[in-house]
Amino acid sequence: MNYPSKRNLVYGSKGMVATGNALAAQAGLEILKKGGNAIDAALATSLCLTVTECRSNGLGGDLFALVYYKGHYYGLNSHGSAPALLSPEALKERGLDTIPTSGPEPITVPGLVAGISALQERFSQLTWEELIGPARDYARDGFALQPTHTIQLNRERLRYENELGKIPSLQTWFDTYLQGRKEFKEGEILKLPNQALALEELARTKGRSFYKGRIAKDLDRYMKEVGGFLRKEDLEAFSPQWVEPLKTDYKNHIIYELPPSGQGLSVLMALEVLKKTGYSHHLAVEAMKLSLYHLKLHMADEGHMKHSIEEFLEDFPNKAQDIINDKASLPEDFDLMGSNTVYLCTADREGNMISLIQSNYMGFGSGLVLPSWGIALHNRACNFSLDPLSPNCLAPGKRPYHTIIPGFIEKPGHFRGPFGIMGAFMQPQGQLQILMNMIEEGLDPQAALDKPRWQWIGGARLHLEKGYSKDLIEDLKNRGHQVEIIEDPIPFGRGEIILRYEDGRLVGACEPRTDAQVAAW
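The working numbering numbers the first residue of the sequence shown as 8 and each following residue consecutively.
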């Protein structure tokens, strides 16, 4: 019989790493102790997660980061565009009226490796060879599967078993990860020797091989073999974007998010609404619901949006407060269910910090794995619309609406720190709840993560995690919310928080819903 356990806040002074996998957190801490800064620790952790939590992210995915370095904030969007050959017309020629979630069609240009290269070049104190060390060793020599990751791996196994008959190219996934097993078991050792070779190749070329070298050529050849749209020309043309973070002030706390095409803007929109309406669980649900719905309608890649950021943060809240009342509103349904991502945050003794998130989108993504290098390829094109009237309609060279969003919270004169929640469209909902738990309810970071969460699914549908009081559940039902209690904790997201106080104290908290750890020094 399992009994609930308690997690305490973790304190440190010289450095801290928090992420959803204990092995990766320890790898990041080793880098700090070797003289690396917070960004070095994050990059080593990031690379390690592509191995030790391979179900939720990989070298074939995307990466976003918010960096606080020597007193300044920096934003990095490293997510790729649709290949030049991918269009609604190209899908129709294959008899497709939707974008498949598995197979070669949904693969866009992966941005993770280029993002690591950009961060390493701008902020790092260590070499690529030093940063890939822990990830390479785990891939080559093997790593122990953690409990929640094992559950997720077996869910992917069932998914691909059901799809293998229709998509023969999924066989490489079974060869790479299942390796003759019938199922994955927690604690057993998994080796990924081809990914170890890929990591060594990336270190040797400082990431360039993925876009203009051996890996790019092999990926181009593989895509042609399996009927994919991605080509080496798409890879060669890619570069990450350095961007100015967005921010808003909520009750003397400054919240930072990245600009579109990520959905971090919806968190700031909801905060602006709550500044006008006041806070309660019902009002938070309504503010988030309207923010997500309208962002989904109007957000797209830069240059394709018809509305300015100012309209989202100024005009929208004024209109939203007139819509929200004491009953649940009914915007049109759209699918909010998604899959997985990994989040990490780090801090060093100098005050540098980073909030970093990366993903293959739906589990392993497309299910396709580049055979010679063991690189799982994401399926981010699934976030495009095929509606020609949508600003987010699929087009060659265009980047999709993106779900992964790193955050930062700052209370001037008191503390600042990175925070984030993994889990597709749960991410902004989880971020808002953590912020309300800390700011409105006065909870410490660990209690803010421990507290049960809600998730808006669409229309008036509201999923609640176990642990809510009967009175609150009845209140939400009486207001018209269609409440359903969900036993599985995984859909409610997984997060970490690090705060650095003015006296130099580091305080970390990690997610009880996964295999997370805060490693401190």
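Glycine is no exception: its CB is placed at the ideal position from the N, C-alpha and C atoms. Remember, it's a predicted structure, so these values are computed and weren't measured experimentally.
Test item: CB-CB of residue i and residue j under 9 Å
| i | j | result |
| --- | --- | --- |
| Gln453 | Ala516 | yes |
| Leu479 | His288 | yes |
| Ile361 | Ala72 | yes |
| Ala307 | Ser397 | yes |
| Val24 | Thr52 | yes |
| Ala413 | Ala277 | Note on identity: in this sequence residue 413 is Pro, with Ala being the wrong assignment. No, Cβ-Cβ distance for Pro413 and Ala277 is not below 9 Å. |
| Cys352 | Pro107 | no |
| Tyr286 | Met443 | yes |
| Gln127 | Gly214 | yes |
| Phe422 | Leu304 | no |
| Leu513 | Glu491 | no |
| Ala203 | Arg147 | yes |
| Leu93 | Leu237 | yes |
| Tyr81 | Pro266 | no |
| Thr212 | Leu199 | no |
| Ile416 | Phe426 | yes |
| Lys366 | Gly110 | At residue 366 the sequence reads Ser, which differs from the Lys that was named. Cβ distance not < 9 Å, so Ser366 and Gly110 don't count as in contact. |
| His1 | Gln270 | As displayed, the chain neither begins before 8 nor continues past 528, which places residue 1 out of reach and without an answer. |
| Ser206 | Leu393 | Inspection of the sequence shows that residue 206 is occupied by Leu rather than by Ser. Their beta carbons are not under 9 Å apart, which means Leu206 does not touch Leu393 by this criterion. |
| Ala29 | Glu136 | no |
| Trp463 | Leu299 | yes |
| Pro519 | Arg14 | yes |
| Glu509 | Gly420 | yes |
| Gln440 | Ala467 | no |
Test: residue i CB closer than 9 Å to a CB of chain E
| i | result |
| --- | --- |
| His314 | As a matter of chain content, chain E is missing from the structure shown, which is built from one protein chain. |
Whole-Å CB distance - residue i paired with residue j, under 8 Å assumed
| i | j | result |
| --- | --- | --- |
| Asn386 | Pro117 | 11 Å between Cβ atoms; not a contact. |
| Gln35 | Ala48 | In the sequence as presented, Gln is not what sits at residue 35; that position holds Gly. Indeed they touch by this definition, with Cβ atoms about 4 Å apart. |
| Lys418 | Asn259 | 6 Å |
| Tyr218 | Leu242 | 4 Å |
| Leu297 | Ser336 | 7 Å |
| Leu272 | Glu279 | Between Glu279 and Leu272 the Cβ distance is about 10 Å, and since that is not below 8 Å, they are no contact. |
| Leu456 | Ile504 | 7 Å |
| Trp528 | Leu39 | 6 Å |
| Gly42 | Gln132 | 7 Å |
| Asn399 | Tyr75 | Asn399 to Tyr75, Cβ: 30 Å. No contact. |
| Thr255 | Ser63 | With 8 Å as the limit, Thr255 and Ser63 do not qualify as a contact, their Cβ atoms being about 29 Å apart. |
| Cys61 | Ala383 | 7 Å |
| Glu472 | Pro459 | 4 Å |
Paired residues, beta bridge with residue i - DSSP
| i | result |
| --- | --- |
| Ala97 | Answer is none; Ala97 lacks a bridge partner. |
| Asp478 | DSSP output for Asp478 lists no bridge partner at all. |
| Pro425 | Phe415 |
| Met23 | Ala354, Ala527 |
| Ala516 | Ile504 |
| Ser366 | Asp69 |
| Met295 | BP columns for Met295 are empty, so no partner. |
| Ser392 | Cys400 |
| Ala383 | Val376 |
| Ala17 | Per the sequence shown, the amino acid found at residue 17 is Val instead of Ala. The partner list for Val17 (beta bridge, DSSP) reads Gly515. |
| Gln489 | Arg468 |
| His409 | Gly269 |
| Met361 | According to the sequence displayed, residue 361 carries Ile and not Met. Per DSSP, Val74, Thr353. |
| Asp522 | Asn28 |
heavy atom of the ligand MN below 8 Å from residue i C-beta
| i | result |
| --- | --- |
| Phe415 | In terms of ligand content, the structure shown is empty, and the ligand MN therefore cannot be addressed. |
Check whether the segment 191-201 and the segment 136-143 touch, using three or more Cβ-Cβ pairs below 8 Å as the test. no
Those runs of the alpha helix (DSSP H) which lie wholly inside the segment 115-155 and span at least 4 residues: Taking only runs of at least 4 residues, the alpha helix (DSSP H) segments lying wholly in the segment 115-155 are 119-130, 135-148.
Say whether the segment 154-170 touches the segment 121-129, bearing in mind that this needs 3 or more beta-carbon pairs closer than 8 Å, one atom from each stretch. no
Count the CB pairs spanning the segment 402-410 and the segment 83-90 that are closer than 8 Å, and state whether there are at least three. Flag = yes, the segment 402-410 and the segment 83-90 touch.
Whole beta strand (DSSP E) runs in the segment 38-88 with 3 or more residues, listed along the chain? 69-76, 79-85
Does the segment 361-376 touch the segment 163-180, meaning 3 or more C-beta pairs lie closer than 8 Å? Output reads yes: the segment 361-376 touches the segment 163-180.
Are at least three pairs of beta-carbons, each pair with one atom in the segment 467-482 and one in the segment 312-330, less than 8 Å apart? Judged by Cβ distances under 8 Å, the segment 467-482 makes no contact with the segment 312-330, as fewer than three pairs qualify.
Would you check if the segment 418-435 and the segment 496-506 touch, i.e. whether three or more CB-CB distances between them fall below 8 Å? yes
Whole alpha helix (DSSP H) runs in the segment 245-299 with 4 or more residues, listed along the chain? Look at the segment 245-299 and you find these whole runs of alpha helix (DSSP H), each 4 residues long or longer: 272-284.
Pick out the complete alpha helix (DSSP H) segments inside the segment 162-231, 4 residues or longer, and give them in chain order. 200-212, 216-219
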